[in-house]
Amino acid sequence: MNQVDYLRISLVDRCNFRCHYCMPEGAELDYILKQNLLTNEELLILIKEVFIPVGFTRFRLTGGEPLLRPHVVELVKRIASLPETQDLSMTTNGFLLAPIAQDLYNAGLRRINISLDSLEEDTFNQIIGNRGRSKWRQVWDGIQAAYNVGFDPLKLNVVVIPGVNDHEVLDLAALTLDKQWHVRFIEFMPVGNGDLFGNKGWVASEELRQQIRARWGLTESQVRGNGPADVFQIPGAKGTLGFISQMSECFCDKCNRVRLSADGWLRPCLLNETGQIDLKTALRSGISITKLREQLQELLTVKSEINFKQRYSGTATGNYSRTMSQIGG
Ligand code: SAM
């Protein structure tokens, strides 16, 4: 078991996109009420006084859409400036990124993952559930802005969905040829979206690698912060290709992370809902910091046993009550 030192923090469960695999229809009915969101002060108390003393040094801001969180630049600055923070990153859909990319960088954010499931406007709009003006161009501008500002590594996350965007795998992989962009193909997961998943919604990473290998060849590679991704490179390319294969492979034994939701639930494993603990209620009820640290330590002690190693074992009812957008991906 790896040391668990990486916390993914969901800043808000709302999103300006409605990707079907992440936020299925109807999920918006359950948005967290404002008073139940962890405030910046509460979040910083948890990071500084609970997570860091227990050994956490790496943080990722996610959501929902993290750029919808008011004063997100200020929050980035405060987390980045903690002496113990060794790594701070963000996962965003990029739609609101262009105008604040430089501010985020100046505040101390150095690396960023941007979701980009398609290079085709129509496919993109279909995936993100967009019915109005196309949003693809603004996302693309956000990616360019992040690149120009100097985020490194700059990763592009692609969830591959059979029959929807799997015909674009080579085009997306080609983005790594001339630019130092790191494209990561993610197997689609059945979290809070069982209906979509009914008919095997994922493509095994090895199938994608075969396509890419046949076109250009593929060698093993590395990139900073690769976590569970297997990283490869097209020979001579500037960027890399990552494959996150949580459906076709089990990488629980390499897992180094836990997840904090915007309303303060700490989840030991993406796919384990039953092992969560409610840090916000504990904090607001005045429980001592020592006790909170003990709760966290206890959760880390049992994490390897409650990691989701068999599909469909991580919930009490067989269905996940939280969607990926509520957990933070
Ligand atoms: N709004 C941001 C974004 O779009 O990147 C951050 C939140 S999103 C939940 C974080 C990541 O989770 C994204 O890269 C998204 O593609 C991924 N994700 C969401 N639902 C997924 C699913 N069902 N299977 C695999 N990945 C998923």
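Residue numbers (the numbering used here): 139 to 467.
Just so it is clear, CB atoms sit at the ideal spot from N, CA and C, and this is done for glycine as well.
Since the structure is predicted, the reported quantities are computational estimates derived from the model, not experimental observations.
- Going by C-alpha positions, Arg249 is about 11 Å away from Thr230.
- Sixteen is the threshold: since fewer than 16 other Cβ atoms of the shown chains lie within 10 Å of the Cβ of Ala352, the residue is exposed.
- Scanning the segment 269-298 from its first residue to its last, the whole alpha helix (DSSP H) runs of 4-plus residues come out as 274-287.
- If you ignore the 5 residues before and after Leu254, its C-beta comes within less than 6 Å of the C-beta of Leu294, all in its own chain and listed in chain order.
- A check of alpha carbon separations from Leu176 across Tyr159, Lys441, Gly467 and Lys418 identifies Lys418 as the nearest.
- Counting only residues of its own chain and dropping the five nearest sequence neighbours on each side, Leu234 has a CB closer than 6 Å to the CB of Leu205.
- In chain order, Arg322, Gly380, Phe381 and Ile382 place their CB closer than 7 Å to the CB of Ala367, counting only its own chain and leaving out the 5 sequence neighbours on each side.
- The criterion of a C-beta distance shorter than 9 Å is satisfied by Cys157 and Val297.
- A residue is called buried once 16 or more other Cβ atoms fall within 10 Å of its Cβ, and Thr461 is buried on that count.
- For Ala342, the CB contacts under 8 Å within the same chain, skipping 5 residues up- and downstream, are Glu325, Ser383, Met385 and Ser386 in chain order.
- Secondary structure of Thr357 (DSSP, three-state): strand.
- Here the segment 421-437 lies against the segment 190-197, with 3 or more beta-carbon pairs under 8 Å apart.
- With a contact defined as Cβ atoms closer than 8 Å, Gly288 and Phe155 miss out at about 26 Å.
- Taking a C-beta distance under 9 Å as the contact criterion, His209 and Asn178 qualify as a contact pair.
- Along the segment 139-198, the beta strand (DSSP E) occurs as fully enclosed runs of 3 or more residues at 144-148, listed in sequence order.
- Between Gly402 and the set Ile350, Pro291, Val307 and Lys172, the nearest pair of CA atoms involves Lys172.
- As the crow flies, the alpha-carbon of Glu345 is around 27 Å from that of Ile281.
- In the three-state scheme derived from DSSP, where H, G and I count as helix and E and B as strand, Ile372 is classed as coil.
- Taking all protein chains in view, the Cβ of Glu222 is surrounded by fewer than 16 other Cβ atoms within 10 Å, so the residue is classified as exposed.
- Its chain contains Gly193, Phe194, Thr195, Arg196 and Asn394 as the residues whose beta carbon lies nearer than 7 Å to that of Asp143, once the 5 sequence neighbours on both sides are disregarded; these appear in chain order.
- Considered as a whole, the segment 210-258 harbours 210-218 and 239-244 as its complete alpha helix (DSSP H) runs of no fewer than 4 residues, in chain order.
- Each residue's CA atom was taken as its position, placing Gln224 and Pro291 some 15 Å apart.
- In the three-state DSSP reduction, Glu411 falls in the coil class, being neither helix nor strand.
- In the DSSP assignment, Arg422 falls within the alpha helix (DSSP H) that extends over Leu417 to Arg422.
- Spatial neighbours of Asn263 in its own chain (CB-CB distance under 6 Å, excluding positions within 5 residues in sequence) are listed in chain order as Ser272.
- The closest heavy atom of ligand 1 lies 8 Å or more from the beta carbon of Pro300.
- For the pair Ala420 and Ile427, the Cα-to-Cα distance works out to about 10 Å.
- With respect to Gly201, Gly363 sits apart: the two C-beta atoms are not nearer than 9 Å.
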